[in-house]
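Everything in the sequence shown is counted per the numbering used here, starting at 8 for the first residue and increasing by one. Report on one structure; see the data block that follows.
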Amino acid sequence: MRLDLGPSRLGAVRLVAIDGPSGSGKSTLAGAVAAELHAPVVSTDDFATWEDPVSWWPRLVGGVLAPLTAGRPGGYVRTEWTNGRPHPGATVTVEVSDVLVLEGVSAGRRSIRPRLSALIWCEVTGRAERLARAVARDGEASREPLIAWQDFEEGWFAVDGTKAAADHIA
């Protein structure tokens with residue numbers, strides 16, 4: 008994917024958001040974009056839980072985005088999962104770089120768009136196919152929570168207008 012990035016709007020950092028429904032390949036695309044741009048990746052999956060799908064955003068802003076804007080490294084405690092249950096995991100440091108890739112559901116939310124250098128929408132057509140891909144990735148025990156998650160994200164994207172705001176569609 009050829010990306011035309013806008014100017015730095017997060018201090019000296021160009022922030023690239025990759026957003027779209029679960030099971031659409033955002034993490035895979037983020038890895039490829041990050042490799043091409045020599046950029047670190049922060050995933051919204053490191054913050055979200057089934058019970059807290061998007062309201063964790065202030066942790067990302069305070070721990071990562073605000074420090075990077077000020078030219079300092081950021082950091083956060085990753086959410087990790089054991090037997091389908093979230094718990095605090097490893098501490099992650101995010102060094103200052105020219106580009107940061109932020110990927111995951113709500114990465115391109117309306118509140119961050121003025122700070123983005125690019126917003127990429129990534130979507131596999133068809134809810135059933137996305138569910139099958141996500142279950143293959145996360146395990147059969149995740150099927151019911153993923154169905155509820157799909158309901159949530161459909162509403163989120165409809166209200167947030169993420170796809171319509173995207174600079175690139177993958």
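We treat Cβ as the ideally placed atom computed from N, Cα and C, and that holds for glycine.
Contact under 8 Å by Cβ, residue i with residue j
i    : j    : result
A171 : C129 : no
A104 : V20  : Here residue 104 turns out to be Ser, not Ala, going by the sequence shown. Contact: yes.
L75  : V106 : no
A24  : L123 : yes
Y83  : V68  : no
A46  : V108 : yes
G18  : G78  : yes
D174 : A125 : yes
Cβ separation of residue i and residue j, assumed to be a contact under 8 Å, to the nearest whole Å
i    : j    : result
R16  : L22  : 7 Å
R40  : S113 : The question names Arg, yet the displayed sequence has Val at residue 40. So it is not a contact: roughly 18 Å between Cβ atoms.
A97  : R85  : 5 Å
G111 : T35  : The pair is not a contact, with the Cβ atoms about 12 Å apart (cut-off 8 Å).
W57  : W163 : Contact doesn't hold; Cβ gap of about 14 Å is too wide.
Neighbour-count burial assignment, residue i, 16 or more Cβ in a 10 Å radius
i    : result
G70  : buried
E160 : buried
D167 : buried
R137 : buried
T169 : buried
A141 : buried
D53  : buried
D158 : exposed
D26  : buried
G13  : exposed
Proximity test, residue i beta-carbon vs the ligand ZN heavy atom, cut-off 7 Å
i   : result
G38 : The ligand ZN is not among the ligands present in this structure, which contains no ligands whatsoever.
Segments of 4+ residues assigned as alpha helix (DSSP H) that fall wholly inside the segment 70–157: 73–76 and 134–145
Inter-stretch contact (C-beta, 8 Å, three-pair minimum) for the segment 80–91 and the segment 26–33: no
Contiguous beta strand (DSSP E) assignments of at least 3 residues, all confined to the segment 18–80: 21–26 and 48–50
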